[in-house]
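This report concerns only the one structure given below.
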Amino acid sequence: MPLMINSKYRLNISDFISVATGSRKIRLSPEKFFIERINRSYEVINECIKKNIPVYGVTTGFGDSCRNHISYDDAKKLQENLVKYHGCGVGPYFSDIETVGIVLLRLISNSKGSSGVRYDLLRQLELFVNTPIIPLIPELGSVGASGDLTPLSYLAAALSGRRKVIYKNKIMDAKKAIKLCGHMPLSFEPKEALAIMNGTSVMTSVAGFCIHRAILAVDTAEIITAMAVEVLEGNKGSFAPFIHKAKPFKGQIESARNIGSYLSGSKKALAYKEMIDLVKSPSSEKQQHTFLERHIQDRYSLRCAPHVIGVLRDTINFCKEWVETEMNSVTDNPLVDPDSGTIYSGGNFYGGHICAAMDSLRAASASTMDLIDKQMELIVDEKFNNALSPNLISSTGTKPFLRHGFKAMQITCTSLAAECLAHTMPVSSLSRPTEALNQDKVSLGTISARETRTVLTSALYGMSVMLLALCQAMELRGLNGFSDPAREVFNLVRGVSPFVSDDRELDADINSIYRALENGTVQKIALKYR
């Protein structure tokens, strides 16, 4: 069933992902009230023009050039020029699914009846989402206020039949693609190009996918931690509810509960009392020193995992709320009140909340990947891995001393953690003036969202490396006694990556596990055992 879009519809991350990835279509509401509200907003703009009332970006120049008051006859040409002179984006293109998300979010924003556009413009956006017709939008060139002007000019151009798009997996002129769908390119009325371009839909689409992938990452980090505790025969008491209720951060409690549930059936991970029973009994002589055979509590990367991963959980929660609010906002300027006929000039195009959300999500995601890298060290280093082989080398066959096992895999994992940490500088602190000081404070939200996307890609690759190491360690340890979730992850990994008995290339194996993380296969296992 398609999502019905009207002025009151509220989009969530789940529906956004479904539409952007092509799993679900949308449909504009045919309700009379909805259509009339949209068109009334358009009529307000035209009434002001006919009365020779200056309307920013409609009968005035843009930005610092807003003192240029133009005639009604020049208003359409002004919109065409806006699209043309912003055609200066550079760099790689946004992905197909990010771009469909961009178009969807522009439709949501313009469908509230406050943007001064015709219903026909919304129908063209609907066509682009459902077909899909995918504009080629360069990633670089936005400062995030006035919205994503330059990248969104590529959407505006495509709607009017200019520049390039992808249609049925082929790059072609937008005009050709639209005509192949039985439609015609749009000719912009006053305000319409500005309504498409002056908004935060680019940064918000990227941010929406970042939220989705961060949820994949946090679920994966918890099941990885549980498996690490098992292969190291660690202390599952660290995740007891008593501990975390004493410090009641919601994310921490949830992470501890999830990790604890994965470990509940494990015979490899030990309760605190079982760990005490394993060590030698202390001497009955009161003053005699005794050295215990093993640690009775784990290192921080295991014991404090809920305190790290829990931060990411809580960060996702508030970032998700902010991103969904932005998704459902009217983010262009000026805005039109169709009820009173009033036009307001403001700054809803400013992407400050998206930038701050992505700065926070990026830092918490990088910290979680850093945790995974520390766990990797415990597993591959014979000084810490509780009698597993150095670098998880197989001891079978001849000349095992020639093998290096997961030595380079650890280096890759560390490199990926460093990649994550290198991108944690808060972009919101880098705002700088531009455009003749009209845009004297800008959000840089699009840069922050792209940086967060980069961190999450590295983190998911790092977790893929870790899962391969964990399954190697499980097989070296012997599979009896491992928990059901660990065994199920093991079977998934072994379906694409056999045990490493002799040194071999593992890049294809990493990519296979990465795909299983991205498509939610590992997450489904995690959710099954909560």
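In my numbering, the protein residues as written are 1297 to 1826. Glycine residues also receive a C-beta, built at the ideal position from the N, C-alpha and C atoms.
Can you tell me where the beta strand (DSSP E) holding D1633 begins and where it ends?
DSSP places D1633 in the uninterrupted beta strand (DSSP E) bounded by L1631 to D1633.
Selected residue, minimal CA-CA separation from D1416, among T1446, A1473 and F1330:
It is F1330 whose Cα lies nearest to the Cα of D1416.
Between which two residues does the beta strand (DSSP E) containing G1387 stretch?
First-last of the beta strand (DSSP E) with G1387: V1386 to Y1389.
Mark A1510 as exposed unless 16 or more other C-beta atoms lie within 10 angstroms of its C-beta, in which case mark it buried.
Buried.
K1254 versus T1710 - alpha carbon distance
Residue numbering for the chain in the displayed model covers 1297 to 1826; residue 1254 lies beyond these limits and cannot be assessed.
Sequence-distant residues of the same chain with beta carbon closer than 6 angstroms to G1385, five excluded per side
If we look at G1385 and ignore the five residues flanking it on each side, its Cβ neighbours are P1434, G1437, T1446 and P1447.
Please report how far the alpha carbon of I1616 lies from the alpha carbon of V1527, in whole angstroms.
Note on residue identity: the sequence assigns Lys, not Ile, to residue 1616. The alpha-carbon of K1616 is positioned some 34 angstroms away from that of V1527.
Using 10 angstroms around the beta-carbon of T1611, count the other beta-carbons present and answer buried if the total reaches 16, otherwise exposed.
Residue environment for T1611: buried (at least 16 other C-beta atoms within 10 angstroms of its C-beta).
Spatial neighbours of P1634 within its chain, please: C-beta separation below 7 angstroms, excluding the five flanking residues on both sides.
Setting aside the 5 residues that flank it on each side, P1634 is surrounded in the same chain by R1333, R1336, S1337, V1340 and G1409, each with a C-beta closer than 7 angstroms to its C-beta; the list follows chain order.
Starting from the C-beta of H1479, find all residues in its chain whose C-beta is less than 8 angstroms away, skip the five residues before and the five after it, and write them out in chain order.
Once the five neighbours on either side are set aside, the close Cβ partners of H1479 are Q1420 and L1423.
With a CB to CB cut of under 7 angstroms and the five nearest residues on each side skipped, what residues in its chain are close to R1826?
Contacts found: N1554 and S1557.
When you compare the CB positions of A1713 and G1758, do they come within less than 8 angstroms of one another, or not?
Yes, they are a contact pair.
Rounded distance between the beta-carbons of F1702 and A1755, thought under 8 angstroms
Going by Cβ atoms, the distance from A1755 to F1702 rounds to 19 angstroms, so no, they are not a contact pair.
Contiguous beta strand (DSSP E) assignments of at least 3 residues, all confined to the stretch 1351-1391
Segments of the beta strand (DSSP E) lying fully in the stretch 1351-1391: 1386-1389.
Any idea if D1805 is buried or exposed, counting beta-carbon neighbours within 10 angstroms, 16 or more meaning buried?
Buried, because 16 or more other Cβ atoms sit within 10 Å of the Cβ of D1805.
From S1690, K1464, S1405 and A1452, pick the residue whose C-alpha is nearest to that of F1484; which is it?
Nearest C-alpha to F1484: A1452.
Would you call I1349 buried or exposed, if buried means 16 or more other Cβ atoms sit within 10 Å of its Cβ?
It counts as exposed.
Which word fits I1809, buried or exposed, when buried means at least 16 other C-beta atoms lie within 10 angstroms of its C-beta?
With 16 or more other CB atoms across the displayed protein chains lying within 10 angstroms of its CB, I1809 is buried.
Unbroken alpha helix (DSSP H) runs of length 4 or more, entirely within the stretch 1301-1325: which are they?
Qualifying alpha helix (DSSP H) stretches, in chain order: 1309-1316.
Which of the three DSSP states is assigned to K1703 in this structure?
The answer is helix: DSSP assigns K1703 an H, G or I state.
Count the C-beta pairs between the stretch 1768-1782 and the stretch 1679-1691 that are closer than 8 angstroms, then say yes if the count reaches three, no if not.
Because the criterion of three Cβ pairs below 8 angstroms is met, the stretch 1768-1782 and the stretch 1679-1691 touch.
Grab the span of the beta strand (DSSP E) containing V1461 for me, first residue to last.
Its beta strand (DSSP E) spans residues K1460 to Y1463.
Quick one: Cα of D1515 to Cα of D1628, how far?
Straight-line measurement puts the Cα of D1628 at about 36 angstroms from the Cα of D1515.
Quick check on the burial criterion: 16 or more other C-beta atoms within 10 angstroms. Buried or exposed for H1719?
By the neighbour-count definition (other C-beta atoms within 10 Å, threshold 16), H1719 is a buried residue.
Beta carbon of L1528: closer than 7 angstroms to some heavy atom of the ligand FMN?
With respect to small molecules bound, the structure shown includes none, and the ligand FMN cannot be examined in it.
Just list the residues that DSSP pairs M1721 with in beta bridges.
For M1721, DSSP assigns no beta-bridge partner whatsoever.
Per-residue DSSP class, three states only, for D1469:
DSSP places D1469 in strand when its eight states are reduced to three.
What three-state label does DSSP hand Y1640 in the structure shown?
Taken through DSSP and simplified to helix, strand or coil, Y1640 comes out as strand.
Starting from E1435, trace the beta strand (DSSP E) in both directions and tell me its first and last residue.
E1435 -> beta strand (DSSP E) spans P1434 to L1436.
DSSP three-state label for Q1768, please.
Residue state for Q1768 is assigned as helix, using DSSP reduced to three classes.
Where Q1593 sits in the DSSP three-state scheme:
In the structure shown, the three-state DSSP call for Q1593 is coil.
N-terminal and C-terminal residue of the alpha helix (DSSP H) that P1428 is part of:
Per DSSP, P1428 lies in no alpha helix (DSSP H) segment and is marked neither H nor E.
Would you grab the beta carbon distance between S1739 and D1655 for me? Rounded to a whole angstrom, and I think it's under 8 angstroms.
Taking 8 angstroms as the upper bound for CB-CB distance, S1739 and D1655 are not in contact here, some 11 angstroms apart.
With DSSP as the reference, identify every bridge partner of N1406, one or two as the case may be.
Paired residue(s): none; N1406 is not in a bridge.
Taking 8 angstroms as the threshold (C-beta atoms), are S1760 and L1802 in contact?
Taking C-beta atoms as the reference points, L1802 and S1760 fail to come closer than 8 angstroms.
Length of the line joining the Cα atoms of L1455 and S1310:
When rounded, the distance between both Cα atoms is 26 angstroms.
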